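Okay, so here's the structure we're looking at.
Chains as they are written, first to last, in our numbering: chain A, 549 to 822; chain B, 2 to 237.
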């Protein structure tokens, strides 16, 4: 994959690389311990490799306008499991918890089940926002656009409008947003069920709804996003968690070509890294 | 033709703009919105319909591509296995693209496989020569004309849907201006590649606005039924 030398621990290959250090778990209740036995987060504090254009990028301070999110943001730390707390399993109904446990066992064996992203399809939501790659926000009248470095994902948030009736499903769904004070509230629906919610392999249905409340904090140096996940098919109740993204005027998202030499391309539904 | 002179010429055009356009007093036109090419043709020609001035070896490669495509073999076109179409091909295709215009940059978001391209304004071209599918682009408003120079390409893409080849020495200069009272956008594209063409040459295409168009989520891997492991293609 042509993605410069950014941290490449995301997606199916991440499952192999990151989980390979974890001892095999035989107890199906070991979901928490899977993370407890390893650092569940990857702090993105290492040196940043200069890529195309980074050298020209600056050190501009964040805008004083609380509604101005324009620029590049990078998640402060990322987790495999997206639950209501660090390392906490989402409130899944029993049948969907069993699927998650099966996928974790498969990863521990070194043969993770493939999902859409291992085949260079969009990562889905909310997983895409958990990507340890930079995101460029662009604000134009009526629209906030997120250009993700990872696998050239693009999200469009349509402001002050409704979801279309008879919404067709897609990998990233349809997002509408509005301002509540200085918080941008984004509602995403119409997500197909081909993606995992997170890197661990949590399932969701087409009734998944993701609400993000985004606001600048810490003098604009960080973007806080409170994410609420609702899915009446797979979850016993909605759950929320919070992420922060750092202001990174020194970074320019690079050309990321998942489709080039995709070592993770699935075979018979299993991701086999080569 | 002195190739060094030719190479200098294209960059000089861009740099000249960099020096002079600070004088532009009025706000540039707003290109934000979704656009689609008018009068699409697969094969790109120079002005007045002339064949691009291909060097003999490149002319042979182009003929081979067209002959293979006529037989249904498009294996020379890596876009068929979801690798990115490059520049200028993405500006020549029939599928729409979105422009997001901001004071320091313009983003082009192409419908085709959701490919993004960011043009940074008022900067010198980067010295990075890593070789990218879409190259690296810098731009400048010259009065009402947006001038974009793109370089740092790999040689894994084609210039157009008909299979026009290029080398990693490709440089592309685009001059975009609105016409018809803002309803249309004209792009005069000058292509320079001393390893492929005898001289730089120019083609002009026009786009129309698509108000209200909802960009679909185009996923190439889905269109072709899944990606497959494959090695990085050998250089031409």
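Glycine included, C-beta positions come from ideal geometry on N, C-alpha and C.
Being a predicted model, the structure only gives us computed values, none of them experimental.
Neighbour flag for residue i against chain A, beta carbons, 9 Å
{"i": "residue 222 of chain B", "result": "yes"}
{"i": "residue 119 of chain B", "result": "yes"}
{"i": "residue 151 of chain B", "result": "no"}
{"i": "residue 85 of chain B", "result": "yes"}
{"i": "residue 108 of chain B", "result": "yes"}
{"i": "residue 133 of chain B", "result": "yes"}
{"i": "residue 170 of chain B", "result": "no"}
{"i": "residue 116 of chain B", "result": "yes"}
{"i": "residue 82 of chain B", "result": "yes"}
{"i": "residue 92 of chain B", "result": "no"}
{"i": "residue 102 of chain B", "result": "yes"}
{"i": "residue 217 of chain B", "result": "yes"}
Sequence-distant residues of its chain with Cβ nearer than 6 Å to residue i (five each side left out)
{"i": "residue 121 of chain B", "result": "106 and 139"}
{"i": "residue 119 of chain B", "result": "106 and 108"}
{"i": "residue 688 of chain A", "result": "none"}
{"i": "residue 751 of chain A", "result": "644, 647 and 782"}
From the options, residue whose alpha carbon lies closest to that of residue i
{"i": "residue 606 of chain A", "options": "A/739, A/797 and A/740", "result": "A/797"}
{"i": "residue 183 of chain B", "options": "B/209, B/220 and B/173", "result": "B/209"}
{"i": "residue 131 of chain B", "options": "A/771, A/741 and A/803", "result": "A/803"}
{"i": "residue 806 of chain A", "options": "A/714, A/789, A/699 and A/779", "result": "A/699"}
{"i": "residue 188 of chain B", "options": "B/39, B/104 and B/27", "result": "B/39"}
{"i": "residue 705 of chain A", "options": "A/610, A/635 and A/693", "result": "A/693"}
{"i": "residue 216 of chain B", "options": "B/103, B/173, B/27 and B/110", "result": "B/110"}
{"i": "residue 660 of chain A", "options": "A/784, A/744, A/761 and A/737", "result": "A/744"}
{"i": "residue 59 of chain B", "options": "B/205, B/199, B/206 and B/204", "result": "B/199"}
{"i": "residue 162 of chain B", "options": "B/168, B/99, B/87 and B/52", "result": "B/87"}
{"i": "residue 158 of chain B", "options": "B/214, B/52, B/151 and B/168", "result": "B/168"}
{"i": "residue 238 of chain B", "options": "B/212, B/214 and B/206", "result": "The question about residue 238 of chain B has no answer, for chain B in this structure spans 2 to 237."}
{"i": "residue 609 of chain A", "options": "A/779, A/767 and A/772", "result": "A/767"}
{"i": "residue 150 of chain B", "options": "B/214, B/136, B/73 and B/213", "result": "B/136"}
Any non-hydrogen atom of the ligand COA within 8 Å of residue i CB
{"i": "residue 721 of chain A", "result": "The ligand COA is absent from the structure shown, which contains no ligands of any kind."}
Residue-level contact to chain B via CB, residue i, 9 Å cutoff
{"i": "residue 701 of chain A", "result": "yes"}
{"i": "residue 688 of chain A", "result": "yes"}
{"i": "residue 800 of chain A", "result": "yes"}
{"i": "residue 563 of chain A", "result": "Residue placement at residue 563 of chain A is poorly supported in this model, since its pLDDT is 36, which falls under 50; the coordinates are not used for a value here."}
{"i": "residue 681 of chain A", "result": "no"}
{"i": "residue 709 of chain A", "result": "no"}
{"i": "residue 615 of chain A", "result": "no"}
{"i": "residue 624 of chain A", "result": "no"}
{"i": "residue 747 of chain A", "result": "no"}
Residues near residue i in its chain [Cβ-Cβ closer than 8 Å; skip 5 each side]
{"i": "residue 218 of chain B", "result": "115"}
{"i": "residue 770 of chain A", "result": "624, 764, 792, 793, 794 and 795"}
Residue burial classification, residue i (beta-carbon count within 10 angstroms, cutoff 16)
{"i": "residue 222 of chain B", "result": "buried"}
{"i": "residue 148 of chain B", "result": "buried"}
{"i": "residue 781 of chain A", "result": "exposed"}
{"i": "residue 1 of chain B", "result": "Within the shown structure, residues of chain B are numbered from 2 to 237, placing residue 1 of chain B beyond reach of any answer."}
{"i": "residue 584 of chain A", "result": "Reliability fails at residue 584 of chain A, whose pLDDT of 32 lies under 50, so the model's placement of it is uncertain and no value is given."}
{"i": "residue 644 of chain A", "result": "buried"}
{"i": "residue 48 of chain B", "result": "exposed"}
{"i": "residue 642 of chain A", "result": "exposed"}
{"i": "residue 80 of chain B", "result": "buried"}
{"i": "residue 695 of chain A", "result": "buried"}
{"i": "residue 725 of chain A", "result": "buried"}
{"i": "residue 650 of chain A", "result": "exposed"}
{"i": "residue 41 of chain B", "result": "exposed"}
{"i": "residue 225 of chain B", "result": "exposed"}
{"i": "residue 194 of chain B", "result": "buried"}
{"i": "residue 35 of chain B", "result": "buried"}
{"i": "residue 738 of chain A", "result": "buried"}
{"i": "residue 97 of chain B", "result": "buried"}
{"i": "residue 631 of chain A", "result": "buried"}
{"i": "residue 817 of chain A", "result": "exposed"}
{"i": "residue 713 of chain A", "result": "exposed"}
{"i": "residue 637 of chain A", "result": "buried"}
{"i": "residue 104 of chain B", "result": "exposed"}
{"i": "residue 91 of chain B", "result": "buried"}
{"i": "residue 74 of chain B", "result": "exposed"}
Cβ neighbours of residue i in the same chain (closer than 7 Å, five flanking residues each side left out)
{"i": "residue 77 of chain B", "result": "66, 69 and 164"}
{"i": "residue 55 of chain B", "result": "63, 197 and 198"}
{"i": "residue 776 of chain A", "result": "759, 786 and 788"}
{"i": "residue 622 of chain A", "result": "592, 682, 793, 794, 796 and 799"}
{"i": "residue 718 of chain A", "result": "738 and 740"}
Legend entry - the segment 607–618 of chain A contacting the segment 664–682 of chain A, beta-carbon criterion three pairs below 8 Å: At 8 Å Cβ cutoff, the stretches do not touch.
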